[in-house]
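Q:
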Amino acid sequence: MHLVPAERADRRAIDGHRVCDAVAAIGEPDHVRAWAERFSLLSDPGRLALLMALRQTGPLAVSDLAIATSRARARPTRAVSASG
16 MHLVPAERAD
26 RRAIDGHRVC
36 DAVAAIGEPD
46 HVRAWAERFS
56 LLSDPGRLAL
66 LMALRQTGPL
76 AVSDLAIATS
86 RARARPTRAV
96 SASG
């Protein structure tokens, strides 16, 4: 278990090779924080609805996004600009 940090090396693993694979996949804490920030955009149901709509349709006018997501016209504009 060569990739396990020293403070956890005394723990008994069922499959040490897979533990090392998991540690390698997680990577550095800054890498994890960057992904957490990206995924935080999805925690807002309105933003998630916008992204789901755009994934399906591709570019779409803000007014059409507002209709599709039951939002006021200004809200999609703010949500998209806040995520950029």
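Numbering-wise, our numbering puts 99 at position 84 of the sequence shown, and it's gapless, one number per residue. No residue lacks a Cβ here, since even glycine has one placed at the ideal position from N, Cα and C.
1) What distance in whole Å lies between the Cβ atoms of H17 and C35, which are believed to be in contact at a cut-off of 8 Å?
2) Among residues of its own chain, excluding the 5 on either side of R23, which ones have a beta-carbon nearer than 7 Å to its beta-carbon?
3) Going by CA-CA distance only, name the one from Q71, G73 and L63 that's closest to R86.
4) Taking only the alpha-carbon atoms, compute the straight-line gap between A49 and Q71 and give it to the nearest angstrom.
5) What number of angstroms, rounded off, separates the C-alpha of L75 from the C-alpha of G61?
A: This is what the structure holds:
1) With 8 Å as the limit, C35 and H17 qualify as a contact, their Cβ atoms being about 6 Å apart.
2) Same-chain partners within the cutoff: there are none.
3) Closest by alpha carbon: L63.
4) Approximately 26 Å between the Cα atoms of the pair.
5) Pairing L75 with G61, the inter-Cα distance amounts to about 16 Å.
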